[in-house]
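There are 2 protein chains.
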Amino acid sequence: MNNEGLPNADTIAIAGLGLIGGSLARRLVANGRRVVAWNHRPHPYEQARAAGIECVGSIEDLALAKPDVLVLCTPLKAMPQALARLAPVLDPHATLTDVGSVKGQVRDEVRAAGLEDRYVGAHPMAGSEFSGYGASSPELYDDALWAVTVDDDTDYDRFLLVADMICTGVGNRIIVLDDDTHDCAAAMISHMPHVVATALANELTDMPERNIAQALAAGCWRDMTRVALTDPDRTRAMVEEDATNVAELLRHMSGRLADMADLLESESSDARGEAAESARDSIRAFFAVAQPYREFKAWQRSGDIDYDEVSLSIDGGEWQSDLLESAKRGEHIIRLAGRESFVAQVRTAL
Amino acid sequence: MNNEGLPNADTIAIAGLGLIGGSLARRLVANGRRVVAWNHRPHPYEQARAAGIECVGSIEDLALAKPDVLVLCTPLKAMPQALARLAPVLDPHATLTDVGSVKGQVRDEVRAAGLEDRYVGAHPMAGSEFSGYGASSPELYDDALWAVTVDDDTDYDRFLLVADMICTGVGNRIIVLDDDTHDCAAAMISHMPHVVATALANELTDMPERNIAQALAAGCWRDMTRVALTDPDRTRAMVEEDATNVAELLRHMSGRLADMADLLESESSDARGEAAESARDSIRAFFAVAQPYREFKAWQRSGDIDYDEVSLSIDGGEWQSDLLESAKRGEHIIRLAGRESFVAQVRTAL
């Protein structure tokens, strides 16, 4: 605890020194935290030690280092095994967190390992097309946002500890969500669009005139199918891990596209009639829906923005929903101002 | 006619000195052709004249310059008026072409003006996010592909003349298509995906948690919605001009997305049953469809490619379908080798 009664994450254990874990470890060391790390293969240890990271021989040794926070940075599919090995040895003092991109599933796995009482979920918006410690860099986290995921039983002090690690230790922003809000938002901006990109690539591949279509393809097509070119097995796993949210959004999208097909057909089949007139109005309305989004993106691109700052106070009982409402308003927490107050920037209000 | 009996496009008239027309004029001049140009406003004339382009006061004056080819580079919506003004004054010797991005509609307009006997359609795959003569550059056409659109009545000599202008005058490649094949391919790789991108942006805008989703958005989302940020009125006009093809493809896409939603739901509702097993197989199959496309893109990105060259011979009666079949095989004509033979590169065989 520091002067303001805020918990401090002084010693941080990191399981997994890939791109995300390695960059996090290096950034925390650079900001004066003690970092103890383990990797399933020891090849990055020499470089990591030179960067000031203490490396240990087994994941169990991480628990023995008495960390304030232990961050699981292993791939999603390795989490159950990592949790099973940690459960018998992890001191109740240690707060467990992770950087996985799907939060409901990780919490289920944490619960299965009996570690839910000390868990706070986290997902940093950081990454690159590379992987492995060799590609890591403290700059990967420059100006990054983390989603911190909590549920009704999350311990407030453990939340503050993770928030301190992120805001002070890494120097990043946070939004506080429940698992489903996180996973649904991730389905919206990544998992579902990956399916859409794949469906576009499938549609072209299935055309008899695919070589002609490909010959005419330019920037629009390239951008809209880029993610369809990534490893389809990894995309499939990601989509299946968030299946319910992805399925619901795919239904919405399917409906939007079918509606537009109907409108275009009634407009062109009856060019001067009343039905065409009404279709034309609805088509115009379709292209107007996202106007607030276009205006937000134009604002975001307009250069150096001075974000409005707001103070957030927690009334005690309902901190989870208070912070979720703040996230819905587009506020990102940048600083802990006391045990029950935060400073946030208004970043994504659209 | 040159030595091989091939028609030559020596004098080329260009109507419209914007980005596309201006760049085309400069490139043709650089390659030794005589170019006479008109623009609806004379502001680019001083620069154009300095680049060796003869500028005239009215679109009618273009006809008086006795061009071998007249290229309409006006916006699509200005074409009917341009054609109406040209029809009374254009010498039957002149071959009319254009650079419009929708070919069926332009041919209808050409027919309405009574100029169909001298028309060959064209659409260069060239452009940038800028517009106007000030942004023009001969390099805009570097290694560009043109779709040349013909119908059963297209005069073969006029086709050769336009092909000469593109292959020799501009130094570009061509594929020869009928209007509908062109417009359907354009719907596939641009018009329909513009609707999909807009629907994605609409879906996010309509979410109560839009600020959270936007906060988590990264490269996938940015790329898949980039074209939704462009002027929605221009996108709407483009989609409406190709409505039938876009509607059909939107129905296909709507079906693909709904099918995937069904599969994800049966997989997760019955995780160990036979239905889930079969859903899992179908999901795997969905992600495998575009494998030839992924392999083609990997080949295309693999660096300096020596494209296979093939010789094409026209047997006389069926040149339109012979050349369409060549385009379907992914062959791009790079050179006229005689009145009835061409050299092509195999560029997009997937």
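Chains as they are written, first to last, in UniProt numbering: chain A, 1 to 350; chain B, 1 to 350. Think of the CB as a built atom: it goes at the ideal place given N, C-alpha and C, for glycine as much as any other residue. Quick caveat, the model's predicted, so the values are computed rather than measured.
Excluding sequence positions up to five away, which residues of its chain have a Cβ less than 6 Å from the Cβ of residue i?
i, result
"B:Y119", "L96, V110"
"residue 375 of chain A", "Outside the displayed range of chain A (1 to 350) lies residue 375 of chain A, so it cannot be described from this structure."
"B:T198", "A228"
"A:T11", "R34, P67, D68"
"B:T149", "K103, G121, L177, D179, H182"
"A:P80", "E109"
Mind checking if residue i is an interface residue toward chain A, Cβ cutoff 8 Å exclusive?
i, result
"B:Q345", "no"
"B:C184", "yes"
"B:D179", "no"
"B:A202", "At residue 202 of chain B the sequence reads Asn, which differs from the Ala that was named. Yes, because at least one Cβ of chain A sits closer than 8 Å to the Cβ of B:N202."
"B:Q105", "no"
"B:N211", "yes"
"B:M260", "yes"
"B:Q214", "yes"
"B:D252", "Just to set this straight, residue 252 of chain B is His in the shown sequence, not Asp. Closer than 8 Å to some Cβ of chain A, the Cβ of B:H252 qualifies, so yes."
"B:C73", "no"
"B:G18", "no"
"B:E109", "no"
"B:W221", "yes"
"B:E309", "no"
"B:E267", "yes"
"B:P292", "yes"
"B:R256", "yes"
"B:K297", "yes"
"B:E218", "It should be noted that the sequence gives Ala, not Glu, for residue 218 of chain B. With 8 Å as the cut-off, B:A218 counts as an interface residue toward chain A."
"B:A112", "no"
"residue 352 of chain B", "This structure cannot speak to residue 352 of chain B, because chain B is shown only from 1 to 350."
Return no unless some Cβ of chain B is closer than 8 Å to the Cβ of residue i.
i, result
"A:H43", "no"
"A:G52", "no"
"A:D157", "no"
"A:M125", "yes"
"A:D206", "yes"
"A:M1", "With a pLDDT of only 46 at A:M1, under the threshold of 50, the placement of this residue in the model should not be trusted; the figure read from the coordinates follows. Output row for A:M1: interface = no."
"A:L140", "no"
"A:S190", "yes"
"residue 351 of chain A", "Outside the shown range of chain A (1 to 350) lies residue 351 of chain A, about which nothing can therefore be said."
"A:L264", "yes"
"A:I305", "no"
"A:A349", "yes"
"A:H93", "no"
Look up residue i in the DSSP assignment and give the residues it is bridged to.
i, result
"A:S341", "A:S313, A:G338"
"A:P124", "A:W146"
"B:Y45", "Per DSSP, none; premise fails for B:Y45."
"B:L72", "B:A15, B:D98"
"A:H332", "A:Q345"
"A:C167", "None; A:C167 has no bridge partner."
"A:C55", "A:A37"
"B:V176", "B:V148"
"B:Y119", "B:L96"
Might you give, ordered along the chain, the residues of its own chain that have their beta carbon closer than 8 Å to the beta carbon of residue i, omitting 5 neighbours on each side?
i, result
"A:L295", "Residue 295 of chain A is actually Glu in this sequence, not Leu. Around A:E295: L350."
"A:M1", "Low confidence applies here, because A:M1 scores a pLDDT of 46, under 50, leaving its location unreliable; read the following figure in that light. Closer than 8 Å at Cβ, skipping near neighbours: P7, N8."
"A:V102", "L76, D183, A186, M238, E241, D242"
"B:V99", "I20, G21, L24, V71, L72, C73, A122, H123, P124"
"A:L312", "D322, L323, S326, E331, I333, S341, F342, V343, A344"
"A:R329", "V346, A349"
"residue 385 of chain B", "Because chain B here runs from 1 to 350, residue 385 of chain B falls outside it and cannot be looked at."
"B:V162", "A9, V69, T95, T97, V120, A122, V148"
"A:R107", "E116, Y119, G121, T149, D151, D179"
"B:A51", "A25, R26, V29"
Looking only at its chain, what residues have a beta carbon closer than 7 Å to the beta carbon of residue i, apart from the 5 residues adjacent to it on each side?
i, result
"B:I334", "C167, R173, V343, A344, Q345"
"A:D164", "L6, P7, N8, A9, L336"
"A:A275", "S266"
"B:L17", "A25, A37, N39, P44, A48, Y133"
- Query: How do the segment 232-243 of chain A and the segment 218-230 of chain B stand: do at least 3 beta-carbon pairs fall below 8 Å, yes or no?
  - Reply: no
What residues in the segment 316-330 of chain B bring their beta carbon closer than 7 Å to a beta carbon of chain A?
A327, K328, R329, G330
- request: Quick one: which residues of the segment 145-177 of chain B get their C-beta closer than 8 Å to a C-beta of chain A? List them in chain order.
  value: L145, A147, I175, L177
Contact between the segment 141-157 of chain B and the segment 213-221 of chain B: three or more CB pairs below 8 Å?
no
Members of the segment 274-290 of chain B that neighbour chain A once the beta carbon cut-off is set at 9 Å: R280, I283, R284, F286, F287, A288, V289, A290
Margin query: Taking 8 Å as the cut-off, does the segment 126-143 of chain A touch the segment 26-41 of chain A (at least 3 CB pairs, one atom from each stretch)?
Written below: yes
Within 8 Å, do at least three Cβ pairs link the segment 82-97 of chain B to the segment 58-70 of chain B?
yes
**Request:** Give, in chain order, every residue of the segment 231-247 of chain A whose Cβ lies closer than 8 Å to some Cβ of chain B.
**Result:** P232, D233, T235, R236, V239, E240, A243, T244, V246, A247
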